[in-house]
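Protein chains in written order, with this note's numbering: chain A, 1 to 99; chain B, 1 to 263; chain C, 1 to 631. Just so you know, even glycine gets a beta-carbon here, dropped at the ideal spot from N, CA and C. Predicted model only: the values in this text are computed from it and were never measured. One structure is given below, encoded as structure tokens.
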Amino acid sequence: MDAANYLYLSALLFSIGAIGVVLRRNAIVVFMCIELMLNAANLSFVTFSRINGDLNGQVVAFFTMVVAACEVVVGLAIIVTIYRSRRSASVDDASLLRR
Amino acid sequence: MNEVALQVGQTAAPEALLFWILAPLTLIAALGMLLVRKAVHSAILMAFVMIALAIFYIAQDAPFLGIVQIVVYTGAVMMLFLFILMLVGVDSSDSLAETIRGLRPIAITAALGFGGLMVSLLSRATLGRSAVGLEAANSDGNVEAIARLLFSRYVWPFEVVSALLITAALGAMVLAHHHRIQERPTQRQLSIDRFRKDSLATAAGLAAPGVFARHNAVDVPALLPDGSPAPASINASLKARGDVLDSARFELGTVDTSADEEK
Amino acid sequence: MMMMTSTSIVYLIALPLAGAVILLLAGRRSDKWGHLLATALCASSFFVALYQLSLMFKRPSQERAVSQKLFEWISVGTFKIDAGLLLDQLSICFVLLITGVGSLIHIYSISYMAHDPDRRRFFAFLNLFIAAMLLLVLGDSYLNLYVGWEGVGLASYLLIGFWNEKPAYATASKKAFVMNRIGDMGLSFAIMIAFATMGTVSFIGVQAAVEQTSTLALTGIGIMLLVAAIGKSAQFPLQAWLGDAMAGPTPVSALIHAATMVTAGVYLITRSNFIFDAAPSAQLLVVIVGAITLMFGALIGTAKDDIKKALAASTMSQIGYMILCAGLGPVGYAFAIMHLLTHGFFKAGMFLGAGSVMHGMDDEVNMRKYGALRKVMPITFVTFGLGYLAILGIPPFAGFYSKDMIIETAFNAGGIKGIILGSVTLLGAGITAFYMTRVMILTFTGTPRWDEKAQPHESPWLMWLPMAILALGSLTSGYLLSSNDSLVKWLSPLFESHEEHHELLPPILVSALALVMVAIGVAVAFLKYSRREIDAVAPKNVSIFTRIAREDLMQDRLNEALFMRPGQELTKTLVKTDAVIIDGAVRGIGRLTIATALSLRGVQNGFVRSYAAFILIGALAMIVAIWVVVQ
């Protein structure tokens, strides 16, 4: 099997995640889609690591995971805060900047 | 396909089998995540994708990352997601109708174009040399090899990332911390409020679910002394989820109060 | 040449500066003792100067100059300017004059300003002036000089407008300031040209670079320096401010507008002797300006009834002498300085005398209201009279030595130029004698023409003592400075050696001619004013010439017609241009921006998801670009 298949899979997962970020309104789902995009990128890193015979890609993927975890923690905290003040988890309702 | 240098050579048949079974399932799960209305279901599908990815990592000679993926994502992150879902959004199911005009076709076209072009580009890419596997790099074991890199070449980013983690934890605590705007009411104040503010009917407290009913489950409203159901006795979140049993089935007939009058 | 360094020059400036700072910061708290502190600090600065002079005497003449580096001021690449001081034979003359006369005037002012509620502020400004003037003469580069130059301009402005509650006085200070700005601009241009062509602005550096610099650049620098001198020293055509500057308290007129600040132009030209020596056309211009001004001032002086304005016109004329002499090249510098020093004594003395008269006459300045003050103010009469004899050039008074030298030098300039200049200076001496005699007669002799209310009286000793000392200076300074050519020899290391000049007229003949002119002037004045009664009100039906002279030879009208009116028209046009074209353009741009922004605002709809869509489109665009490149 061709290792490039993993890369195709990664590209498709990334695109699906992107669509989700744009189209879903529930902030938590949006967040999950962002995680999906990050994971797709990670898959590319791991695959390239294998293609190049070099572990640097895996290390970068590891760092990505840590950063993603941080992001989730802070992001979810923000969602909780917003929910507390506006009783809604929809990203469209957090549009104070509009006017 | 010999001129395509990304080709690592035909991997062993079990990996190919694994990929061709798991990859379509992953894609379907990801698409499902996009399409289901309930956030909880999205989360479950997401967890599936995560696990599938972990398996792919392990299959690609990255066992350490695979385990970390399962522990961090399916273990910690997904739990966190579910937790927050329970806190804020478990009652809502998204409407999939688009409210911003023109956004849906634009987004889908752009994303599909992006993915298609990516795939197209990848299929043409060449390295100009034959690819290598990870057998040599992992000769001392994958964990040891990554550890060697992490603590030598990447020790500075590693420390920075650890600082970031701590900062994120503190940030989350600060953000999620609830600032009390008013004074916490004292017992005395609560008691006074109960008698002065609302009707005397609730002065003794709301009825607990199941009281005077023929069923003592939490999703059954209490029956008031006159036999009518008391919706206030049910937890609001149960009501919002629609998990409330109709109390009509457990209602008593008209209460005969004549005996009391005789006394 | 390595110059000796000293660490004590800075005290000369620091002492009066400290006085100004303390008095201004302490405010009303120092009302009781402020004037004493200021006087003490100025006097101690004088003593430091005397000490420096004694040190200089001990050294051979080539090594008398000392310098002091204070701090590195500007350092840009190779361009370095230190805030440094230079005390040489020329500076010390000025330092002694400034601090000496300055101290006397401080003492005088204690009494003169005794009844003024703002006496402390006055002394603070006086100290500020002394400090700035010392910086002007002690700076070791044109830029340091410039700081002092602006400082004295500021002090002059503050002091002319000291009684700024009177609008006329405030206007006078503004006029002086604005006209000085023209000169200051000249100085800054001179510094810029010097820096552009020579790369340095220090006196030593410029002197060394003169050789390699083109005559054109040197002429440019020279003319610009002349413009600066014209502004500061009230020379033609920027002389109009000096008469109005008499609005300030009389001690100020004596110190700033007679003895020191207005001579800064002469200092600038003598200090830049190396430039003018190498730029003959600029030098010729200096002479012309000096000659015109000396006649101009003298003519104005004949018609003024205000005693201070008459003296101011005289100052203008005398500085014209100095400038003319300084323009005559190496032979003239030392004589210009000599006249400057003697003039500092006798003119300051006469101003103080005028102040004393005003003090006794309830601030009356019109000479037609004076008369016969000789009897009630004997000391003032004697001191003023000594100054009068000095300015006339009667031997052995100071003016005789210095002014005769100038006339002599003018005649010796050679050729037709020498004859013209000599005649002008001689004629000027005659007119000077006329108008000064007029002042004397109107003020001190004849019959009293005072108001009934006026009770003229002699001034207290604090006032007449400085006047007496200055009168003593008018009596002796000329002889002291010129006996044995002492000042010329003292200054000789600074200026290039005299070339042998041909003597057109023998010195004794020049002196005789000058004395004859003076005698004629005095005689005419006596005939005109002493023989008949003086009108208490200036007569109206006078000749056109008198009328012109009373109006400062139409200079104000000329300025108004030539500069002010066109300036106003230009300003009006510019305002209109600004409103229509500039503002129109600005508003147009604003409207365009608003219109564009309004049409683009739709993009900013506030929905996070649409922003995310834009990011996605951007990513797509990048991929497309890569794809196109790869194809």
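I'd like to know whether the C-beta atoms of residue i and residue j end up nearer to each other than 7 Å.
i	j	result
Arg121 (chain C)	Ser30 (chain C)	no
Val22 (chain A)	Ala222 (chain B)	no
Leu85 (chain C)	Leu50 (chain C)	no
Val510 (chain C)	Ala433 (chain C)	no
Leu104 (chain C)	Ile469 (chain C)	yes
Tyr388 (chain C)	Met440 (chain C)	yes
Gly248 (chain C)	Gly290 (chain C)	no
Leu218 (chain C)	Ala258 (chain C)	no
Met133 (chain C)	Val152 (chain C)	yes
Val161 (chain B)	Phe64 (chain B)	no
Gly320 (chain C)	Leu294 (chain C)	yes
Ser10 (chain A)	Leu43 (chain A)	yes
What are the start and end residues of the alpha helix (DSSP H) that includes residue i?
i	result
Ser67 (chain C)	Careful: Ser67 (chain C) lies outside any alpha helix (DSSP H), inside the beta strand (DSSP E) at Val66 to Val76.
Asp578 (chain C)	Segment: none, Asp578 (chain C) is in no alpha helix (DSSP H) and carries neither H nor E.
Pro249 (chain C)	First-last for Pro249 (chain C): undefined, no H or E at that position.
Gln283 (chain C)	Pro280 to Ala303
Tyr57 (chain B)	Ala39 to Ala59
Leu255 (chain C)	Looking at the DSSP string, Leu255 (chain C) is not in any alpha helix (DSSP H), and its letter there is neither H nor E.
Tyr401 (chain C)	Ala398 to Phe411
Trp149 (chain C)	Tyr142 to Ile160
Phe177 (chain C)	Pro167 to Met198
Leu149 (chain B)	Asn142 to Phe151
Tyr333 (chain C)	Pro330 to Gly360
Could you give the DSSP three-state label for residue i: helix, strand or coil?
i	result
Pro24 (chain B)	helix
Lys32 (chain C)	coil
Asn26 (chain A)	strand
Thr270 (chain C)	helix
Pro117 (chain C)	coil
Ala245 (chain C)	helix
Val4 (chain B)	Note that Val4 (chain B) scores a pLDDT of 41, beneath 50, so its modelled location is shaky; the value from the coordinates is reported in the next line. Note: Val4 (chain B) maps to coil in three-state DSSP.
Ala222 (chain B)	strand
Gln10 (chain B)	Only weak support exists for where Gln10 (chain B) lies, its pLDDT of 47 falling under 50; the value from the coordinates is given anyway. Coil at Gln10 (chain B), not helix or strand.
Gly116 (chain B)	helix
Val132 (chain B)	strand
Thr260 (chain C)	coil
Ala3 (chain A)	coil
Ser8 (chain C)	coil
Pro378 (chain C)	helix
Ala20 (chain C)	helix
Asn235 (chain B)	coil
Judging by CA-CA distance, which residue of the options is the nearest neighbour of residue i?
i	options	result
Thr200 (chain C)	C:Thr315, C:Leu299 and C:Ser141	C:Ser141
Ile19 (chain A)	B:Leu117, B:Gln187, B:Ala30 and B:Leu190	B:Ala30
Ala372 (chain C)	C:Ser314, C:Thr447 and C:Ile416	C:Thr447
Arg609 (chain C)	B:Asn138, B:Leu35 and B:Thr99	B:Thr99
Pro24 (chain B)	A:Phe31, A:Met37, A:Asn5 and A:Val91	A:Asn5
Ala232 (chain B)	B:Ala52, B:Tyr154 and B:Ala208	B:Ala208
Ile55 (chain B)	A:Asn39, A:Ile78, A:Gly53 and A:Val91	A:Asn39
Thr409 (chain C)	C:Ser8, C:Val424 and C:Pro396	C:Val424
Ala398 (chain C)	C:Gly422, C:Ser477, C:Ile204 and C:Phe607	C:Ser477
Phe236 (chain C)	C:Ile594, C:Ile623 and C:Ile323	C:Ile323
Ser356 (chain C)	C:Ser109, C:Ala525, C:Ala228 and C:Leu527	C:Ser109
Gly57 (chain A)	B:Leu149, B:Lys197 and B:Pro185	B:Leu149
Gly521 (chain C)	C:Ala429, C:Phe607, C:Tyr11 and C:Val603	C:Ala429
Ala523 (chain C)	C:Ile589, C:Leu494 and C:Arg438	C:Arg438
Asn138 (chain B)	A:Gly53, A:Asn26 and A:Phe31	A:Gly53
Does the beta carbon of residue i fall short of 6 Å from some heavy atom of the ligand FAD?
i	result
Gly349 (chain C)	The model depicted lacks the ligand FAD and carries no ligand whatsoever.
For the beta strand (DSSP E) containing residue i, list its first residue and its last residue.
i	result
Gly84 (chain C)	Phe79 to Leu87
Check: Do three or more CB pairs link the region 288-307 of chain C to the region 452-464 of chain C at distances below 8 Å?
Finding: no
Margin query: Quick check: the region 193-211 of chain C against the region 77-92 of chain C, are at least 3 beta-carbon pairs closer than 8 Å?
Written below: yes
Next item on the list: Flag this pair as touching only if the region 111-120 of chain B and the region 37-54 of chain A have three or more C-beta atom pairs under 8 Å; answer yes or no.
Entry: no
Notebook entry, point to check: Between the region 274-290 of chain C and the region 340-359 of chain C, are three or more C-beta pairs nearer than 8 Å?
Noted result: no
Margin query: Three or more C-beta pairs under 8 Å: does that hold for the region 215-230 of chain C against the region 67-75 of chain C?
Written below: no
Notebook entry, point to check: Within the chosen definition, does the region 163-173 of chain C reach the region 252-267 of chain C through at least 3 CB pairs nearer than 8 Å?
Noted result: no
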